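Numbering (my numbering), first residue to last: 630 to 1022.
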Ligand SMILES: Cc1ncc(COP(=O)(O)O)c(C=O)c1O
């Protein structure tokens, strides 16, 4: 009987070892060995052939003219904002990772936080349009957790007000917008390749754009703003992608489609099971789009599920299931950004930040793990009154 007791009430944990949030799927060493040897023997550890091959492969994959490899999504966004010579205010969601805003501030811009749509978790086009003023020069939208943004609606707003439209596509590899990979829409889309993503280089980013002039400036910007004549055209960065990272990315790209399909299948299983429990909600994906599920997040309505999001997170931790409260606090409540917040109500941002919970999600998660997590959540729901009592001071 004791074994059926939730661990937080004294039972045995559902998992003997921690189920981590992320388990990167990486190529075998034997697959990489030839490339590693070539980097070491040629001595070309940066600015070499693997980076060029990776860029070419990604421009074909994304169907964009330019895929520029950089050191991170953050540096890619900083360079993009700088290269576009943006000024003044830029509309962004606050329900996102801090780098969406930090890149703006580093480029000398003022983030103006607009609310997200509660169902999709993405920037709400109506809220974005309501935030436009004569000082606004751009909108930076995010494909939140890998759910493609409402691109068509945002494009209309950007056109109507003469604004630049940029996407923080940190979670975007593996996601499709109306049948095409996200990446070619808007002026530029900037991807992350860190180990929590479906396509991994270790650290790294990709700026995707069809704009030749912008691409040339970003290429110069990742080299200090120096086009080779040792006279800086503008203040750039060192944001190059090393050869080892590009080599890893080339091999990781071979598994990208499989990773996206596996994650979507795993999420379908999660949703079929968890959708039967009261008070558990999921991100809405627009018909025709594909989520990358770089992150699988649920929402927890305490009135129906009988536990709050925080109580569920604590109870899952006792069962050895790792979770994350993305995004709490949202950016407008973080110390560095308090002074930028103009005080406009952000009700969906605040609601999601206190009700969303990201569950473990891997490209190769087996049903033993996904179903084990589902059954654990069901057991916690069934014991909700005792758990709630135990956690209430
Ligand atoms: C939405 C979002 N934007 C930007 C970043 C920053 O990416 P990077 O770590 O490659 O700079 C992240 C990181 O995961 C992110 O989640």
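All residues carry an ideal CB built from backbone N, CA and C; glycine is no exception. Computed from a predicted model, the values in this text were never measured in an experiment.
Distance, residue 646 Cα to residue 945 Cα: 13 Å
Could you check if residue 967 is buried or exposed, using at least 16 other CB atoms within 10 Å of its CB as the buried criterion? exposed
So residue 921 packs on residue 802, CB below 8 Å; how close in whole Å? 6 Å
What would DSSP say about residue 687, mapped onto helix, strand or coil? helix
Would you check if the region 680-699 and the region 755-763 touch, i.e. whether three or more CB-CB distances between them fall below 8 Å? no
Measuring from the CB of residue 863, is there a heavy atom of ligand 1 at a distance below 6 Å? no
By Cβ distance, which residues of its chain are closer than 7 Å to residue 933, with the 5 residues on each side in sequence left out? 907, 908
Report, in whole angstroms, the separation of the C-beta atoms of residue 1036 and residue 870, which I expect to be a contact under 8 Å. Past the edges of the chain, shown from 630 to 1022, lies residue 1036, and the structure says nothing about it.
Through-space distance from residue 806 to residue 813, alpha-carbon basis: 10 Å
Check whether the Cβ of residue 899 sits closer than 6 Å to any heavy atom of ligand 1, and report yes or no. no
Sorted by chain position, which residues of the same chain lie with C-beta nearer than 6 Å to residue 965's C-beta, five sequence neighbours on each side aside? none
Measuring from the CB of residue 797, is there a heavy atom of ligand 1 at a distance below 6 Å? yes
State yes or no: is the C-beta of residue 703 nearer than 6 Å to some heavy atom of ligand 1? yes
In angstroms with no decimal places, state the Cα-to-Cα distance between residue 717 and residue 811. 27 Å
So residue 962 is in the beta strand (DSSP E); what residue range does that whole segment cover? Premise fails: residue 962 is in no beta strand (DSSP E) and is neither H nor E.
Which first and last residues belong to the alpha helix (DSSP H) in which residue 1018 is found? 1013-1020
Excluding the 5 residues flanking residue 707 on each side, which residues of the same chain have their C-beta closer than 6 Å to its C-beta? 732, 735, 736
Excluding the five sequence neighbours on either side, which residues of its own chain have a C-beta within less than 7 Å of the C-beta of residue 1019, listed in chain order? 637, 638
Check this for me: beta carbons of residue 861 and residue 850, under 7 Å apart or not? no
Taking residue 1021 as the reference, give the member of 881, 936, 818 with the closest Cα. 936
Determine the extent of the alpha helix (DSSP H) in which residue 890 is found, giving its start and end residues. 885-903
Whose C-alpha, out of 702, 691, 643, 989, is nearest the C-alpha of residue 821? 702
Backbone CA spacing between residue 696 and residue 924 [nearest angstrom]: 24 Å
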